[in-house]
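Please read the structure below before turning to the comments.
Protein chains: 2
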Amino acid sequence: MNSTIQELQQRYANLTRTYNQGIIVNPLQTGGRLTDAAKAAMQQFGDGYSVCDHCKGRLEGISNPPIDTFVEKDLPQFIGADAVKLTHGAREGKYLVFHAITKPGDVVVVDRNRHYSSDAAIQRAGLNVVKVDNDGTLERKMNVEDYIPLIKQHRPKLLFITYPDGSVGNLPDVKRLGDIAQEYEIPLVVNAAYAIGRMPISLQDIGADFVIGSGHKSMASMGPVGVLGMKEKWRDILTRPVEGHKGKEIECLGCTVRGTPLITLMASFPEVVERTGRWDEEVAKARWFSGELESLGLEQMGEKPHAHDLMMFQTDVFYQISGKHPQKRAFLYEALKENGIFGVKHGLTKSMKISTYGTSREDLEKVVATFKDLVNRYG
Amino acid sequence: MNSTIQELQQRYANLTRTYNQGIIVNPLQTGGRLTDAAKAAMQQFGDGYSVCDHCKGRLEGISNPPIDTFVEKDLPQFIGADAVKLTHGAREGKYLVFHAITKPGDVVVVDRNRHYSSDAAIQRAGLNVVKVDNDGTLERKMNVEDYIPLIKQHRPKLLFITYPDGSVGNLPDVKRLGDIAQEYEIPLVVNAAYAIGRMPISLQDIGADFVIGSGHKSMASMGPVGVLGMKEKWRDILTRPVEGHKGKEIECLGCTVRGTPLITLMASFPEVVERTGRWDEEVAKARWFSGELESLGLEQMGEKPHAHDLMMFQTDVFYQISGKHPQKRAFLYEALKENGIFGVKHGLTKSMKISTYGTSREDLEKVVATFKDLVNRYG
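First to last, the protein sequences are chains A and B.
Using the working numbering, the first residue of the first sequence is number 6, and each one after it goes up by one.
Using the working numbering, the first residue of the second sequence is number 6, and each one after it goes up by one.
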């Protein structure tokens with residue numbers, strides 16, 4: 006039966022978010038919280054196509070607001086790229102590269118720690134995948150030297166690596182992989198969705214051909230928006246024009262993020278640049294947090310000492326508790342929620358992912374105290 | 006030279022929109038203004054990935070906020086489709102269909118009045134284009150019977166039409182084209198970016214296979230967000246899963262609009278449904294406006310009497326004025342701006358596009374009076 010207008014109003018006209026208050030530890034969300042500047046800009050540019058007031062035919066050519074300077078000067082400098090394209094996010098950036106520079110049936114060598122959306126983009130582009138495994142331990146470490154035999158065997162058209170991965174937050178030796186890529190003359194794509202906007206990273210330093218970032222994941226932006234940095238040699242291929250429509254680009258379908266997410270990306274940008282300069286503090290905080298949780302009997306997976314705010318912990322102690330707790334597998338989620346802590350997956354008690362990014366030491370101490378209390382009470 | 010943090014702050018930290026006040030007549034923008042409900046929801050869900058608080062792995066399966074009901078029930082009902090996918094916008098919806106159901110080299114028959122982004126999507130998908138011309142007059146009328154000989158000659162894999170087009174706002178006989186498509190058993194794609202959210206439209210009534218809408222263009226949403234409606238028979242093809250990742254879809258790259266634009270689309274939806282029920286009033290207003298401008302010596306292009314708010318006018322009288330006016334080709338833009346009227350392209354005086362959608366009769370009378378004054382003063 007069709008919904009009435011009254012039913013639609015009840016359902017949609019007062020959408021509220023549960024987690025607007027509280028301490029957020031979901032790695033997806035800690036780097037994407039809007040700055041005050043972004044919140045203010047969002048008010049100005051909320052309406053559809055409001056960024057296009059002064060458009061002369063090309064999104065990235067708009068000078069009011071200064072999208073042109075942002076894309077042509079400040080973003081490339083920030084990530085050490087020769088050129089940058091705006092995208093709808095990291096996965097769309099990956100697909101854009103795959104589609105633009107490969108043909109269906111081509112081989113791409115990828116890391117075992119990649120995100121599922123990399124597979125989605127690879128399969129959408131019709132590529133064949135060869136996987137470089139991690140070390141199979143709790144550390145899940147990638148050794149980039151392992152790309153070499155697979156390069157020799159499969160003659161890939163592309164190398165792909167995730168830096169850091171979104172599971173355990175490992176930072177593989179991308180500079181060495183950049184050297185390998187250049188030695189074998191194969192383009193290297195670095196998915197840096199959890200790096201760009203959190204920590205210093207430079208395409209030029211790595212020696213990569215492409216580096217991919219996410220606004221909503223790590224650049225204090227609403228979604229969907231992302232950035233794609235590249236070497237000069239790829240610019241013409243990635244920006245090839247639509248036949249019959251000068252100034253419009255095929256791979257971007259003319260324009261990409263024609264809206265508010267781009268405005269939040271720009272408005273947050275000064276703070277994002279500034280905060281990446283304080284990355285050492287974030288790493289120190291993550292290490293301290295990891296130590297606190299390990300002292301409760303949890304075990305941090307991934308590289309140790311850890312070098313990123315995204316961490317996964319084995320939580321056998323909570324799994325034991327869930328067996329006897331009346332709320333069963335939901336107990337951890339509910340207990341955290343009661344203490345105003347959000348972002349640990351509902352129903353998972355064997356392991357959990359946590360990010361300490363941008364959260365104060367004080368708030369993280371509350372998180373630690375809550376875990377300690379649970380272990381003491383039920384463990 | 007690298008920008009300093011201070012320079013970045015000056016450039017990006019206080020982004021303001023010029024056209025927040027005033028009367029907006031840009032067809033791109035009149036249907037995309039946020040409702041109050043959308044503005045309120047935007048405050049709640051501004052942060053990156055905030056729609057994902059309760060995600061269990063699939064964007065369109067999230068029940069808080071009720072994205073699942075929106076996508077599975079209310080959107081399909083609204084556009085008479087069996088299934089709906091969320092997209093980043095109309096062009097991304099077109100590419101999604103083209104990529105999913107054709108192969109490079111396939112032929113698609115398209116209308117002469119299509120938007121450039123349709124060409125971008127077609128070329129990105131590697132399709133060959135056969136064009137059905139319009140009548141070549143100022144009316145630019147499409148006769149859908151003209152698809153038949155091209156179908157017979159070229160055996161296309163797809164038929165494509167724009168309803169209405171974004172140049173002169175014509176509404177071709179899509180129902181007849183739906184019959185033709187079914188008779189020749191060729192899937193029909195209707196780009197309804199200027200229809201869905203403004204006027205009643207039903208995929209089922211048309212007999213189309215796909216119907217494509219834009220949130221930021223016509224559904225009172227921020228960009229980028231769109232909707233793609235389809236017949237049941239296409240659902241499995243368009244939602245084929247990523248190998249190795251159950252519940253994730255290849256063509257969407259897992260999830261599409263993971264952010265705030267979707268929230269504004271949902272929050273505005275009750276009003277959007279309601280306003281399409283008042284489409285007759287919008288058409289009457291457009292006709293009145295067209296008559297007023299024609300009485301000043303401007304000539305409305307496209308179908309007459311006009312059946313859509315998007316209109317193009319030949320403006321020879323303004324072109325004559327621009328030749329002698331000190332501001333030359335900028336005079337019209339500047340004169341309108343002085344009167345708080347925004348959205349007529351800077352520098353164009355031979356023709357202009359105007360939309361009367363959602364603008365009050367009172368405000369439109371101010372627009373008419375401004376034009377009249379210019380004609381009287383300089384004409």
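We put the CB at the ideal spot given by N, CA and C, even for glycine.
If you're wondering where the values come from, they're calculated on a predicted model, not measured in any experiment.
Presumed contact (8 Å Cβ cut-off) between residue i and residue j, rounded CB distance
i: L298(A); j: V373(A); result: 7 Å
i: G348(A); j: V30(A); result: 4 Å
i: P205(A); j: T281(A); result: 5 Å
i: T265(B); j: T265(A); result: 7 Å
i: V380(B); j: L301(B); result: 5 Å
i: D111(B); j: K162(B); result: 4 Å
i: I28(A); j: T364(A); result: 6 Å
i: D52(B); j: R38(A); result: 5 Å
i: P229(B); j: P229(A); result: 7 Å
i: R366(B); j: K290(B); result: 6 Å
Option in the options with minimal Cα separation from residue i
i: A197(B); options: E367(B), D214(B) and C260(B); result: D214(B)
i: G183(B); options: F165(B), E144(B) and K350(B); result: F165(B)
i: E308(B); options: G328(B), I10(B), R119(B) and P169(B); result: P169(B)
i: V216(B); options: Q82(B), E12(B) and A312(B); result: Q82(B)
i: Y62(A); options: L132(B), D368(B) and H351(B); result: Residue identity differs from the one stated: residue 62(A) is Gly in this sequence, not Tyr. Selected option, being the one with the closest Cα: H351(B).
i: P192(B); options: A95(B), I211(B) and T23(B); result: I211(B)
i: Y54(B); options: A312(A), V277(A) and A225(A); result: A225(A)
i: V96(B); options: T74(B), R119(B) and E343(B); result: In the sequence under discussion, the amino acid at residue 96(B) is Arg, which differs from the Val named in the question. Closest by alpha carbon: R119(B).
i: K99(A); options: K238(A), S219(A) and V137(A); result: S219(A)
i: M271(A); options: D52(A), D79(A), P154(A) and K333(A); result: D79(A)
i: R16(A); options: V114(B), S273(B) and R263(B); result: S273(B)
i: T269(A); options: G249(A), K222(A), Q305(A) and Q332(A); result: K222(A)
i: L155(A); options: V135(A), D368(A) and Q34(A); result: V135(A)
i: E256(A); options: I72(A), I67(A), Q34(A) and T107(A); result: T107(A)
i: V247(B); options: R129(A), I326(A), E370(A) and D138(A); result: R129(A)
i: S68(A); options: L20(B), F294(B), V115(B) and V262(B); result: L20(B)
i: L303(A); options: L143(A), T74(A) and R366(A); result: L143(A)
i: E65(B); options: A43(B), G345(B), K90(B) and V194(B); result: K90(B)
i: L33(B); options: G94(B), D285(B) and K157(B); result: G94(B)
i: C60(B); options: C260(B), G345(B) and V114(B); result: C260(B)
i: F376(A); options: K355(A), L353(A), S207(A) and L337(A); result: L337(A)
i: T40(B); options: E367(B), M227(B), E339(B) and D285(B); result: M227(B)
i: G171(A); options: E339(A), D116(A), I10(A) and E367(A); result: D116(A)
i: T92(A); options: V262(A), Q158(A) and P109(A); result: V262(A)
i: A312(B); options: K238(B), N175(B), Q325(B) and S8(B); result: N175(B)
Beta carbon of residue i nearer than 7 Å to that of residue j
i: G384(A); j: V288(A); result: no
i: P275(B); j: L13(A); result: yes
i: Y199(A); j: K253(B); result: no
i: R292(B); j: P310(B); result: yes
i: R160(B); j: G36(B); result: no
i: V173(B); j: M6(B); result: no
i: D73(A); j: T23(B); result: no
i: L132(A); j: V114(A); result: no
i: V102(A); j: V194(A); result: yes
i: T354(B); j: R334(B); result: yes
i: A18(B); j: A43(A); result: no
i: F294(A); j: L341(A); result: no
i: I346(B); j: E279(A); result: no
Contact between the segment 238–252 of chain B and the segment 32–50 of chain B (3+ Cβ pairs under 8 Å): no
Cβ contact check for the segment 82–91 of chain A and the segment 222–241 of chain A: 3 or more pairs under 8 Å: yes
Cβ contact check for the segment 315–323 of chain A and the segment 351–363 of chain A: 3 or more pairs under 8 Å: yes
Segment contact flag, the segment 149–161 of chain B with the segment 118–125 of chain B, C-beta cutoff 8 Å, min 3 pairs: no
3-residue-minimum beta strand (DSSP E) runs that sit fully inside the segment 144–185 of chain A, ordered along the chain: 163–167
Runs of alpha helix (DSSP H) lying entirely within the segment 298–382 of chain A, each at least 4 residues, in chain order: 321–329 and 336–343
Inside the segment 265–297 of chain A only - alpha helix (DSSP H) runs reaching at least 4 residues: 265–281
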